[in-house]
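Here the numbering used here is used: the first residue of the sequence shown is 72, the next is one more, and so on. Backbone N, C-alpha and C define an ideal beta-carbon position, used for all residues, glycine too. Everything on this sheet refers to the single structure shown next.
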Amino acid sequence: MKYSYYSLITILILSLSSCKFYGPFQGLYSYQEKVEIENPNLIQFPKSAICELENKETPVIYKIHGEELKSCLNNYDKSIIYLWSPNCTSDVCIPLDLAQDYCDQNNIELFVVAEYYDAKKMKENYTIERPIFSIDTKFYKTDLTNKYLRAFFEDVTNQKMKDFEKFYFFEKDELKSSVDYLEKNDYKNIFN
Numbered sequence: 072m073k074y075s076y077y078s079l080i081t082i083l084i085l086s087l088s089s090c091k092f093y094g095p096f097q098g099l100y101s102y103q104e105k106v107e108i109e110n111p112n113l114i115q116f117p118k119s120a121i122c123e124l125e126n127k128e129t130p131v132i133y134k135i136h137g138e139e140l141k142s143c144l145n146n147y148d149k150s151i152i153y154l155w156s157p158n159c160t161s162d163v164c165i166p167l168d169l170a171q172d173y174c175d176q177n178n179i180e181l182f183v184v185a186e187y188y189d190a191k192k193m194k195e196n197y198t199i200e201r202p203i204f205s206i207d208t209k210f211y212k213t214d215l216t217n218k219y220l221r222a223f224f225e226d227v228t229n230q231k232m233k234d235f236e237k238f239y240f241f242e243k244d245e246l247k248s249s250v251d252y253l254e255k256n257d258y259k260n261i262f263n
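In C-alpha cells, the structure reads:
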C-alpha cells in the first residue's frame, strides 16, 4: 500500500513539473464565442441561401449547419467540402488557394468549412470563390469540436461519422468518398 501511494505521488509530481500547456487547445474547442466577441463583424449568419454567397473583399465567415450545406450541394454535380483547420501545418492541410485551383481545374465546386474559429486566420483574404463557412456550435449545443463536427457531418451526409478527414467528395448531395490527402487524380477515381 505504501509503495503504490509513493509511486502515485512521484508520478503526480513528475507530470506536473515536466510538461506545461501554453496557449489555447486549438481544435479541441470551437472558440466561436471568443471570436464573435472580439470581432463582431467577422462571423455572421447568411442573409441569403449559402449557394448564392460569394467571397468578399472584407472577409466574412458565415455560420451554418449541415442541412444548409447539404441543400446547397444538391445544386452541383461534383463538389468537395474541405474541412479546414486554420492553424494546421501538416501535409494534409493545404492552402485554400491550392484547394480552389484543384477544384477549378477539375470542374468541382469547393466549400471550405472551418473546423474551429481563429480570428487571425479567418480575417485573412484568401483566393477562393466562396466565403469560408463555420459550424454554428450553438445550433449543435456544444463547444467541443469532435461533437459538433460529428453532428454537422451527420446532417450533411445522413451517415454516422467515425473519423474525420480533410476532403469530402460529393455527387449532388451524396457523399462518394473522403480522403486526407488531395491527390492529383483523386476525383477521376471517385467520380466515375
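Quick check: what's the CA-CA separation for residue i versus residue j?
| i | j | result |
| --- | --- | --- |
| leucine 215 | lysine 141 | 22 Å |
| phenylalanine 96 | cysteine 164 | Residue placement at phenylalanine 96 is flagged as unreliable, the pLDDT there being 45, under the threshold of 50; the coordinate-derived value follows with that caveat. Phenylalanine 96 and cysteine 164: Cα-Cα distance of roughly 18 Å. |
| phenylalanine 179 | glutamate 200 | Note on residue identity: the sequence assigns isoleucine, not phenylalanine, to residue 179. Each residue's alpha carbon lies about 12 Å from the other. |
| proline 111 | valine 227 | 27 Å |
| tyrosine 252 | lysine 118 | 33 Å |
| valine 131 | isoleucine 114 | 6 Å |
| lysine 191 | serine 161 | 19 Å |
| valine 106 | tyrosine 219 | 17 Å |
| glutamine 176 | threonine 198 | 15 Å |
| leucine 154 | threonine 213 | 18 Å |
| glutamine 171 | serine 101 | 25 Å |
| leucine 32 | tyrosine 239 | A question about residue 32 goes unanswered here, because the residues of the chain that appear run from 72 up to 263. |
| glutamate 125 | serine 248 | 26 Å |
| phenylalanine 128 | glutamate 254 | A small fix is needed here, since residue 128 is glutamate in this sequence, not phenylalanine. Those two C-alpha atoms are separated by around 30 Å. |
For the beta strand (DSSP E) containing residue i, list its first residue and its last residue.
| i | result |
| --- | --- |
| leucine 154 | 149–155 |
| tyrosine 239 | 238–242 |
| leucine 181 | 180–185 |
| lysine 247 | 245–250 |
| isoleucine 206 | 204–206 |
Using beta-carbon positions only, say whether residue i and residue j come within less than 8 Å of one another.
| i | j | result |
| --- | --- | --- |
| phenylalanine 210 | phenylalanine 182 | no |
| asparagine 146 | cysteine 122 | yes |
| methionine 232 | glutamate 225 | yes |
| lysine 144 | aspartate 244 | Here the sequence assigns leucine to residue 144, which means lysine is not the residue at that position. Cβ atoms of leucine 144 and aspartate 244: closer than 8 Å. |
Name the two residues that bound the continuous alpha helix (DSSP H) containing residue i.
| i | result |
| --- | --- |
| alanine 170 | 167–176 |
| serine 142 | 137–144 |
| lysine 190 | Looking at the sequence provided, one finds alanine at residue 190 rather than lysine. Alanine 190 -> alpha helix (DSSP H) spans 190–193. |
| phenylalanine 223 | 216–228 |
| isoleucine 108 | 103–109 |
When you compare each of the options to residue i by their alpha carbons, which one comes out closest?
| i | options | result |
| --- | --- | --- |
| proline 166 | Ile132, Pro111, Tyr188 and Asn196 | Asn196 |
| phenylalanine 235 | Ser156, Tyr188, Leu169 and His136 | Ser156 |
| serine 150 | Thr129, Asn158, Thr160 and Val184 | Val184 |
| lysine 237 | Glu109, Tyr219, Lys127 and Cys159 | Cys159 |
| glutamate 104 | Tyr187, Ser161, Glu125 and Lys192 | Tyr187 |
| isoleucine 135 | Lys194, Ile108 and Ala222 | Ala222 |
| alanine 120 | Gln230, Ile108 and Glu138 | Glu138 |
| proline 202 | Ile152, Leu246 and Gln230 | Ile152 |
Is the Cβ of residue i closer than 8 Å to any Cβ of chain D?
| i | result |
| --- | --- |
| alanine 222 | The displayed structure is made up of one protein chain only, and chain D is not part of it. |
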